[in-house]
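Colleague: Take the first sequence: its position 106, counted from the start at 1, is 106 in full-length UniProt numbering, and no numbers get skipped. Can you read through this structure? Questions will come right after.
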Amino acid sequence: MPELPEVETVRRMLERHVTGRRIAAVEVSGAALRGVVPRRVHECAAGRVIQGVGRHGKFLFIGLEGGWTLLSHLGMSGRWLFHARPPADPPPHVHVRMRFEDGCELWYEDPRRFGALRAVETSRLAADPSVAALGPDPVHDPPTGARLAAAARGLRVAVKNFLLDQRRLAGVGNIYASEALHRAGVDPRRRAGALTAREWDAVAREVVAVLRAAIERMGTTFSMYRTLWGEPGGYGNHLRVYDREGAPCRRCRTPIRRIVQGQRSTYFCPSCQSAGRSRSRTPRKDRKLKSRRRTAGQGKPRTGA
DNA sequence: ATCCTATCCTGTAGGC
DNA sequence: TGCCTACAGGATAGGA
1 MPELPEVETV
11 RRMLERHVTG
21 RRIAAVEVSG
31 AALRGVVPRR
41 VHECAAGRVI
51 QGVGRHGKFL
61 FIGLEGGWTL
71 LSHLGMSGRW
81 LFHARPPADP
91 PPHVHVRMRF
101 EDGCELWYED
111 PRRFGALRAV
121 ETSRLAADPS
131 VAALGPDPVH
141 DPPTGARLAA
151 AARGLRVAVK
161 NFLLDQRRLA
171 GVGNIYASEA
181 LHRAGVDPRR
191 RAGALTAREW
201 DAVAREVVAV
211 LRAAIERMGT
221 TFSMYRTLWG
231 EPGGYGNHLR
241 VYDREGAPCR
251 RCRTPIRRIV
261 QGQRSTYFCP
271 SCQSAGRSRS
281 RTPRKDRKLK
291 SRRRTAGQGK
301 PRTGA
C-alpha cells in the first residue's frame, strides 16, 4: 500500500507545505498506533517549527527545531492530510491533529492503525532500532546488480521475498516487488541466491526504474493511499501485473498468474518471467493491439467521488 | 543466521 | 436487502 513512491510523494508535499510552519497545538487521540507514544509526540511537537521532511524507505522523518524528529510510518492505511480550512467534524480514525499558527491543520488518519508515530531525538535517529535495521534506500542510493547479488549470496528465500525484506533494500513493498520482477523478466519464485549476475543487474535496474516512474505519478492508489490533499495516486493504470490476475500480459498477452508467497499475493507473467533466464530488453515488434487493455481486475482506485 | 508463521486492524467484497 | 466470512498486507515477535 504506501510503499516508497507513495511515501516520497507525501514527503515532497509535506516538505513544500509544512516546512517553516510553527505547530501551535497537537491533539492526540488515545488510540494505540504501532509503537506510538502519543504524549511524547505531543510534548515534543507543540510549539516547534517544522524544519524539513526526510525519508528512508517507507519511513518519514519530520524534523522539528530543538533537536527532535517525528518518525512516521504509514503502515497499511496511514495518511497525512493537510487542510488549509479544516472541516468542522473530522472523519473517524484521525489520531493526530496538528494545528498551525495560521489555522491550517495537518492530520494523521489511519483506520487500521498499523502505522507508527513517535518522537525521537534527531541525534539518535540513525540509531533508532527500526531505522538502524533498514537497508539502503534504492532512490537515494541506487543498488547495483553486484551489490544485490552479494547480499543474496547463499540465500534460499524466493527473490520476491528478498525484495520485500527491508533489511536488504528499504522501501519496496508488495506492489513494486511484483512490478520490478516482471520488468526484469525474473520469475518471483526463484531462490535469491540462485539468480545470475545478469538477472541481478536487471532487477537492480528495474527496481529503481519502477519506483521512479511511480513517484512521477504520485504513487499507486490500490485502496487507501492518498496524497496530502486526499487525491489518489496516478500509477495504478500503469501497473503491469499487480492485481491483474487473468488479464493479458501487456507484453505477450499470456494471462497473468497470481500465487501466494509468504502469505502475500504475487503476480507475474508465466511466459515473460520464465525460470532460468532473464529476457532481453528488445523492444516489442508486434504492437498491434494495445488499445484494448483496460481489463478487469484493474484495482479499485476509488476516487472518492 | 535464515526462514517461516501468526499477529495486529478495519474496510470492503463476495456469498448466501 | 442484510448478515457473515474471507481477504488485503506493513512490520515484528517468536519458533523451527
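Beta carbons: idealized from backbone N, C-alpha and C, even for Gly. Note that the structure is predicted; figures quoted are calculated from it, not measured.
1) Just grab the DSSP bridge partners of T266 for me.
2) I need the DSSP call for P248, collapsed to helix, strand or coil.
3) Hey, is the segment 207-221 in contact with the segment 5-14, meaning 3+ C-beta pairs nearer than 8 Å?
4) Quick one, which of H73, F59, R79 and A84 has its alpha-carbon nearest V18's?
5) Could you name the residues of the same chain whose beta carbon sits closer than 8 Å to that of L164, not counting the 5 residues immediately before and after it, in chain order?
6) Looking only at its own chain, which residues have a Cβ that is under 8 Å from the Cβ of V26, when we skip the five neighbours before and after it?
7) Within 10 angstroms of the Cβ of H56, are there 16 or more other Cβ atoms? Answer buried if so, exposed if not.
8) Check for me: the beta strand (DSSP E) holding L60 runs from which residue to which?
9) Any idea if D102 is buried or exposed, counting beta-carbon neighbours within 10 angstroms, 16 or more meaning buried?
10) Buried or exposed, going by whether 16 or more other CB atoms sit within 10 Å of the CB of D89?
11) L81 and E109: beta carbons closer than 8 Å?
12) Is K300 helix, strand or coil when you go by DSSP?
13) With DSSP as the reference, please indicate the residues paired to V49 in a beta bridge.
14) Could you give the DSSP three-state label for G276: helix, strand or coil?
15) Indicate whether the contact test is met: 3 or more Cβ pairs, each with one atom in the segment 110-119 and one in the segment 149-156, closer than 8 Å.
16) Distance check for W200 and R189, CA to CA, integer angstroms please.
17) On the three-state DSSP scale, how would you describe G236?
Modeller: Short version:
1) I259
2) strand
3) yes
4) A84
5) V172, G173, N174, A177, G262 and R264
6) Setting aside the 5 residues that flank it on each side, V26 is surrounded in the same chain by V41, H42, A45, A46, V96, R97, M98 and R99, each with a C-beta closer than 8 Å to its C-beta; the list follows chain order.
7) Counting Cβ neighbours within 10 Å, H56 comes out buried, since at least 16 surround it.
8) F59 to L64
9) D102 comes out exposed.
10) D89 sits exposed, since fewer than 16 C-beta atoms from the chains shown fall within 10 Å of its C-beta.
11) yes
12) Unreliable positioning characterises K300 in this predicted model, as indicated by a pLDDT of 36, which lies under 50. The coordinate reading is nonetheless provided below. K300 falls in the coil class under three-state DSSP.
13) In the DSSP output, where bridge partners are listed per residue, V49 has R22.
14) For G276, the predicted model reports a pLDDT of 49, less than 50, meaning its position is unreliable; a value from the coordinates is still stated below. Of the three classes helix, strand and coil, the one that applies to G276 here is coil, per DSSP.
15) no
16) Approximately 14 Å, taken between the alpha carbons.
17) helix
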